Amino acid sequence: MLSHPEVARWNVALVNLYVAIHQLHGTLVRAEVVEALTEIVVGLIGSEMLAVFERSDDGACFRLIGSFGIDAYEYRELSASDDPLGRLLASGVRYVDGEPHALADELETPIAAALPLRLDGRVTGGIVLFSLLAHKRGFDDVDYDLFDLLTTHAAIALRCTAGEVSA
Amino acid sequence: MSLPRKKLLLLVDDSKTILLMERMILGGGAYELITALDGEEAVEKARAELPDLILMDVVMPRMNGFEACRRIRSGAATSNIPVIMVTTRGELESVEAGYESGCADYVIKPIDAQELLAKVQSCLGETLDGGGDALPS
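This is the structure in structure tokens:
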């Protein structure tokens, strides 16, 4: 039987996951999907410095499609083979500051987390959290649940609106 | 015997994601919920609907949460409506420096569901966990 704190944590996790799914899949408009992604990271996870990338069809680079609190021009395009952050995203393995990652030492700028977006076994994009809100000391279980959800569902939501971009 | 009127809460935020989050936490039958997407709309709805409590974001287009709070608190009909500010820690410094805007309490983002429920119930004068079945714990 679950204890009171466990039930409370489950409730919070379910609310977060429901909200994220609802917002990501509630529209077929690309700008609204990106806005929802930004709001999820800012409002539910607690980062006000973030970037959302989409991988080019040939896989060579990650192009910035949304950001908050950063110099967007600086991150407008990351090479998937030469840029440390691009290589990290291309690896398909989630990075969280303080946790082991094969490419962690290559990062030139400290970041809080990098979430590769995956669809059908391919990395199709990524979300980078450069820092957390000052009062947030780290990620908790609910955040990791959201990371897992975003990995797949952000990729799906972006794919579903990919045609809109080129239309 | 008539049922007691549900308390009316006005949720104010320019983020539809946060509004949905707040609706999920505070919904479920305990309260009647209405929303506004910026401070100006919040002032209008506060005057028209006279909610029992307002949950107010700080940074919003057209009119920020502080200004909206001041206007609501300065209106004769709305001066007693408690306002809970929803803020990041950075904005909180402004909240603490400008408590004269009249907010009754604040909640820090990312929103903690249990904390939000407790503060709403406290501001409404409800006993904790006795005010409704919004988010079972």
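Protein sequence lines correspond, in order, to chains L and R.
Using the working numbering, the first residue of the first sequence is number 271, and each one after it goes up by one.
Using the working numbering, the first residue of the second sequence is number 189, and each one after it goes up by one.
Even for Gly, the Cβ is constructed at its ideal location relative to N, Cα and C.
This one's a predicted model, so the numbers in the text were calculated from it and none came from an experiment.
The beta-bridge partner set that DSSP reports for Pro-386(L) consists of Gly-396(L). Under DSSP, Leu-320(L) shares a beta bridge with Phe-338(L) and Leu-399(L). For Glu-276(L), the uninterrupted alpha helix (DSSP H) segment begins and ends at 274 to 294. The straight-line gap separating the alpha-carbon atoms of Ile-269(R) and Ala-306(R) is approximately 17 Å. Residue Arg-364(L) holds the alpha-carbon nearest to the alpha-carbon of Thr-422(L) among Leu-284(L), Ala-372(L), Leu-358(L) and Arg-364(L). Chain R has no Cβ within less than 8 Å of the Cβ of Gly-336(L). Met-273(R) has a beta carbon lying at 8 Å or more from every beta carbon in chain L. Only those residues of the segment 297 to 316 of chain R whose C-beta falls short of 7 Å from the nearest C-beta of chain L are listed: Lys-297, Pro-298, Ala-301 and Gln-302.
Thr-394(L) sits away from Leu-385(L), with the two beta carbons spaced by 8 Å or more.
The alpha helix (DSSP H) runs of length 4 or more contained entirely in the segment 221 to 277 of chain R are, from start to end of the chain, 227 to 237 and 253 to 262.
Here Arg-357(L) carries a helix assignment [DSSP, helix/strand/coil]. Annotation: Leu-298(L) to Ala-265(R) spans about 42 Å, alpha carbon to alpha carbon. Ser-203(R) has a beta carbon lying within less than 8 Å of a beta carbon in chain L.
Among the residues of the segment 296 to 325 of chain L, those with a Cβ less than 8 Å away from any Cβ of chain R are Ala-306, Glu-309, Ile-310, Val-312, Gly-313, Leu-314, Ile-315, Gly-316 and Glu-318, in the order of the chain. For Thr-205(R), the number of other beta carbons within 10 angstroms of its own is at least 16, and it is reported as buried. In terms of CA proximity to Gly-217(R), Pro-192(R) leads the group Glu-229(R), Pro-192(R) and Asp-202(R). Here Ala-301(R) really is in contact with Asn-281(L); their C-beta atoms are around 6 Å apart, less than 8 Å. At a cut-off of 8 Å, the C-beta of Met-209(R) has a neighbouring C-beta in chain L. For the segment 398 to 414 of chain L, the residues whose beta carbon sits under 7 Å from a beta carbon of chain R are, in order, Leu-403, Ala-404 and His-405.
Check the Cα spacing between Gly-316(L) and each of Thr-275(R), Cys-291(R), Ser-310(R) and Glu-303(R): the tightest is with Thr-275(R). For Thr-266(R), none of the residues of chain L pass the 8 Å Cβ criterion, the least Cβ distance being about 27 Å.
If you keep only unbroken beta strand (DSSP E) runs of at least 3 residues inside the segment 292 to 317 of chain R, you get 293 to 296. For Val-393(L), there are no C-beta contacts with chain R under 9 Å, since the nearest C-beta of that chain is about 25 Å from it. One alpha carbon belongs to Ala-350(L), the other to Val-398(L), and they sit about 14 Å apart.
Using a 10 angstroms sphere on the CB of Lys-195(R), the tally of other CB atoms reaches 16 or more, which defines it as buried.
Assigned with DSSP and collapsed to three states, Arg-333(L) falls in strand. DSSP, reduced to helix, strand and coil, places Arg-211(R) within a helical segment of the structure shown. Taking 8 Å as the threshold, the shortest C-beta distance from Met-212(R) to chain L falls below it. In this structure, the beta-carbon distance from Arg-258(R) to Glu-228(R) does not fall below 8 Å.
In the same chain as Ala-427(L), and ignoring 5 residues on each side of it, the C-beta atoms closer than 7 Å to its own belong to Leu-294, His-295 and Val-303, in chain order.
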